[in-house]
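Start counting the sequence shown at 1; every next residue gets the next number (the UniProt record's numbering). Positions of the beta carbon are idealized from the N, C-alpha and C atoms, including for glycine. Worksheet: one structure, shown below.
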Amino acid sequence: MGSPSARFGQALPAFVGARHQRRQTDYGFSPRKGLTLAVLVANFTAFSTYLCASGLPGRVSEETSSCEPTDNGTKCTCHASDTSSEAKSLTAALSQKKNLLEVVCKSPLAPAPAALAGALVCAAGADCLTECTAVKSPSCIDVVSLLSGTRENVKWKSNPEEVRDVEQSKTLTIPFENFPYTDGHFFVGCTDKNTTTKCTVAVTVEARVSTTAGQIVTCAYGAGSNLSHQAVTLSQSQNSFTLVCGEEGEVLPTKYETAYCSADAGADCSEDYKSVIPAYERSWWAKNNDGRSFTLSVPVDKFPTDQTKIVVGCRYKGDSKGSKNSDKDASGPTVCSVDVTIEASASAAMTVRSIDAFTLLVVVGILTSFARVM
Numbered sequence: 001m002g003s004p005s006a007r008f009g010q011a012l013p014a015f016v017g018a019r020h021q022r023r024q025t026d027y028g029f030s031p032r033k034g035l036t037l038a039v040l041v042a043n044f045t046a047f048s049t050y051l052c053a054s055g056l057p058g059r060v061s062e063e064t065s066s067c068e069p070t071d072n073g074t075k076c077t078c079h080a081s082d083t084s085s086e087a088k089s090l091t092a093a094l095s096q097k098k099n100l101l102e103v104v105c106k107s108p109l110a111p112a113p114a115a116l117a118g119a120l121v122c123a124a125g126a127d128c129l130t131e132c133t134a135v136k137s138p139s140c141i142d143v144v145s146l147l148s149g150t151r152e153n154v155k156w157k158s159n160p161e162e163v164r165d166v167e168q169s170k171t172l173t174i175p176f177e178n179f180p181y182t183d184g185h186f187f188v189g190c191t192d193k194n195t196t197t198k199c200t201v202a203v204t205v206e207a208r209v210s211t212t213a214g215q216i217v218t219c220a221y222g223a224g225s226n227l228s229h230q231a232v233t234l235s236q237s238q239n240s241f242t243l244v245c246g247e248e249g250e251v252l253p254t255k256y257e258t259a260y261c262s263a264d265a266g267a268d269c270s271e272d273y274k275s276v277i278p279a280y281e282r283s284w285w286a287k288n289n290d291g292r293s294f295t296l297s298v299p300v301d302k303f304p305t306d307q308t309k310i311v312v313g314c315r316y317k318g319d320s321k322g323s324k325n326s327d328k329d330a331s332g333p334t335v336c337s338v339d340v341t342i343e344a345s346a347s348a349a350m351t352v353r354s355i356d357a358f359t360l361l362v363v364v365g366i367l368t369s370f371a372r373v374m
């Protein structure tokens, strides 16, 4: 067993070594403590990022005026704190699919012109945000002047959810049926208490698209109105169609009673109707409503023996020097082209079928006779 002093001498080195190991564990960099430190660093970094992004103490986020799409239109927000040295210029568009515009002026800014009372807007190209009042100046117009149809109820409305001490919000909604036949333009914005323009929104009211409803084609002339040709078919059971050019349009070709187009509608087309419809007469065309619409009627007994196609159309009167044809990148008035298919007469078709049947019988007879001889 040994003496107590011997046993103490043997245990002392082990005790000192264990104590030294515990001190290393207590004060050293163990794997577990390393993981804990990594987690703390990650959480601190994430929290710092949140402070910066949310604008809490650390760094204030910069507010920038902008227009953003919404489910049914566009929302344009103007900030007084925008650091731009000049008035911020924004753009927005109203269309039959996106027909609502909201203008939000953050305090202390106010909507302009004239607090967007009634239907007031600034005419395109005018400088009236600070000049226009409830008594209209020449550069200040009613937005309804850009629209069509019955439009008395088209007005700016205050947003019921606005907080006046924080912002002023106005909305304009254009009903589907009031969209114009040509693109319209106006602008609005926000001013400060010194009537200095801080933000402008240039707005395009996109024209409706050209449409075909049964045997009636109604033309429009906006940049996006004529991405493709309209199409109608004339037959002996539906032997007429009406082309509606409207107040702002004129028929194409210019000599539509004597000539048609073969590809796109144009003013100077010179294809002769008689080359495809020998019985054609110019009286088949009728002008309606002081030239706003035109009807082509083919007499039932005058349909051609072969199916044929002609192209006619309308263009914007204000662009008589040459509108753009169907073009996705068009930036001005476009031509409304109509492909008119004229079917062959039923009697001609029957004659062809009869000839085909007779020819078939002759061939069968010849083959039968030949078989008997063999």
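Where residue i falls, given that 16 or more other Cβ within 10 Å makes a residue buried
i: L101; result: buried
i: E161; result: exposed
i: D82; result: buried
i: S337; result: buried
i: T341; result: exposed
i: K97; result: exposed
i: Q230; result: buried
i: R279; result: Sequence inspection shows Ala at residue 279; the Arg mentioned does not correspond to that position. Under this definition A279 is an exposed residue.
i: F176; result: exposed
i: P138; result: exposed
i: V104; result: buried
i: V163; result: exposed
i: S270; result: exposed
i: E206; result: buried
i: S345; result: buried
i: A92; result: buried
i: G266; result: buried
i: E343; result: buried
Within 8 Å, strictly: CB atoms of residue i and residue j
i: F186; j: L147; result: no
i: V335; j: D264; result: yes
i: R208; j: A220; result: yes
i: C78; j: S65; result: yes
i: V154; j: I174; result: yes
i: K170; j: L109; result: no
i: residue 377; j: W285; result: Residue 377 cannot be examined here, being either before or after the span of the chain that is shown, 1 to 374.
i: A80; j: D165; result: no
Bridge-paired residues (DSSP) for residue i
i: L147; result: Note: L147 sits in no beta bridge, so no partner.
i: residue 426; result: This structure cannot settle anything about residue 426, because the visible part of the chain is limited to 1 through 374.
i: S336; result: Checking the sequence shown, residue 336 turns out to be Cys, not Ser. C336 is bridged to C314.
i: N288; result: S293
i: E102; result: K75 and T171
i: residue 377; result: No answer is possible for residue 377: it lies beyond the span of the chain, which begins at 1 and ends at 374.
i: S240; result: S297
i: E250; result: R315
i: L116; result: Its beta-bridge partners do not exist; DSSP assigns none.
i: Q230; result: V338
i: E271; result: Y260
i: C140; result: C122
i: K255; result: DSSP output for K255 lists no bridge partner at all.
i: S158; result: K170
i: S85; result: Paired residues: none, contrary to the question.
i: T91; result: A202
Reference residue i; option with closest CA among the options
i: L243; options: A123, A117, N289 and K198; result: N289
i: G184; options: G118, V203 and V163; result: V203
i: Q236; options: A119, Y256 and P299; result: P299
i: L94; options: P111, K75 and Y280; result: K75
i: E247; options: A213, G291 and Q215; result: G291
i: A87; options: G73, L129 and C122; result: L129
i: P304; options: S275, G318 and K317; result: S275
i: S262; options: N226, V217, V312 and P113; result: V312
i: V272; options: E250, P113, I310 and E206; result: This sequence places Asp at residue 272; Val is not what is there. Nearest option by C-alpha distance: I310.
i: S210; options: L234, A286 and S225; result: S225
i: D301; options: G318, K193, E281 and T254; result: E281
i: A126; options: S270, I141, Q215 and T212; result: I141
i: L252; options: A213, S85, F294 and E63; result: F294
i: A213; options: W285, Y260 and T233; result: T233
i: K287; options: G266, A267, Y316 and C245; result: C245
i: N194; options: L172, T254 and E131; result: E131
i: W156; options: Y260, D268 and L172; result: L172
Integer Cβ distance of residue i from residue j, believed to fall under 8 Å
i: K106; j: E68; result: Not a contact, Cβ separation roughly 14 Å.
i: A124; j: V144; result: About 15 Å; that fails the 8 Å criterion.
i: P111; j: C122; result: That pair is no contact at about 12 Å.
i: C190; j: E250; result: At roughly 41 Å, the Cβ-Cβ gap does not stay under 8 Å, so C190 and E250 are not in contact.
i: I277; j: T258; result: Not really, about 12 Å apart at Cβ, beyond 8 Å.
i: P333; j: T218; result: With 8 Å as the limit, P333 and T218 do not qualify as a contact, their Cβ atoms being about 16 Å apart.
i: S297; j: S228; result: About 26 Å; that fails the 8 Å criterion.
Contact with chain C by residue i, beta-carbon distance below 8 Å
i: A124; result: Reference to chain C is not applicable here, since this structure consists of a single protein chain.
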